[in-house]
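J.: Dropping a structure here in structure tokens format, bear with me for questions.
Numbering (UniProt numbering), first residue to last: 1 to 186.
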């Protein structure tokens, strides 16, 4: 009988602890609900360092930041809420067949010219804040350049490329950033 009481007591304590633990886990906010008090541009610069200070780290956004500044498109982030699909430096290396930030930036500008780079950048931005659930469920998403993207089989489908989501739901003061592994081509 004493063993039964100990077992029953252990079972009750286990259920109580499980209930407490599972409630706290289920109550946790999704990542996109935790807003960072930084803008989209500050997020990219913060991950990369000073603009044009290329470090050859394929996982940050040195090339994206430099391209935004060089084309003047950084001005579009004027307080309106946007969602940005931000390609890493590695995505630019892959696009240009280079292996350093400076070479990739210069090759992109040589290949596309400044106006073409600006058009490609606009193809990575959409109005309003879209978390990953909204992106995945959307049939088509209208981008700032007038083209659309869609989401199929785990990939963002662009007109001339497709990209995987690397880091999603980075909620910022002026929108959302989803990091992608490929430069989207309109």
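For each residue, glycine too, the CB sits at the ideal point set by N, CA and C.
The structure displayed is predicted, hence computed values, not measured ones.
#1: Contact defined as beta carbons within less than 8 Å: I believe residue 92 pairs with residue 183. What is the distance between those atoms, to the nearest angstrom?
#2: Assuming residue 117 contacts residue 109 (C-beta within less than 8 Å), just tell me the rounded distance between them.
#3: Any idea if residue 37 is buried or exposed, counting beta-carbon neighbours within 10 angstroms, 16 or more meaning buried?
#4: Any idea what DSSP makes of residue 52, helix, strand or coil?
#5: Which same chain residues, not among the five before or five after residue 65, have their C-beta less than 6 Å away from its C-beta?
#6: Grouping DSSP H, G and I as helix and E and B as strand, with all else coil, what is residue 183?
#7: Just checking my contact of residue 157 with residue 151 at CB under 8 Å: how many whole Å lie between their CB atoms?
#8: Note down, one range per segment and in chain order, each alpha helix (DSSP H) of at least 4 residues found wholly within the stretch 73-133.
#9: Closest to residue 180 by CA distance: which of 88, 83, 145 and 57 is it?
#10: Taking Cβ positions, are residue 84 and residue 114 nearer each other than 8 Å?
#11: Just the Cα atoms here: how many angstroms apart are residue 56 and residue 100?
#12: According to the Cβ coordinates, are residue 140 and residue 148 closer than 8 Å?
#13: Report yes if the C-beta distance between residue 62 and residue 54 is below 8 Å; otherwise report no.
#14: Taking the beta carbon of residue 146 as the centre, do at least 16 other beta carbons fall within 10 Å, making it buried, or is it exposed?
T.: Taking the definition as stated:
#1: 6 Å
#2: 6 Å
#3: exposed
#4: coil
#5: 44, 45, 48 and 51
#6: coil
#7: 7 Å
#8: 89-96 and 101-122
#9: 88
#10: no
#11: 5 Å
#12: yes
#13: yes
#14: exposed
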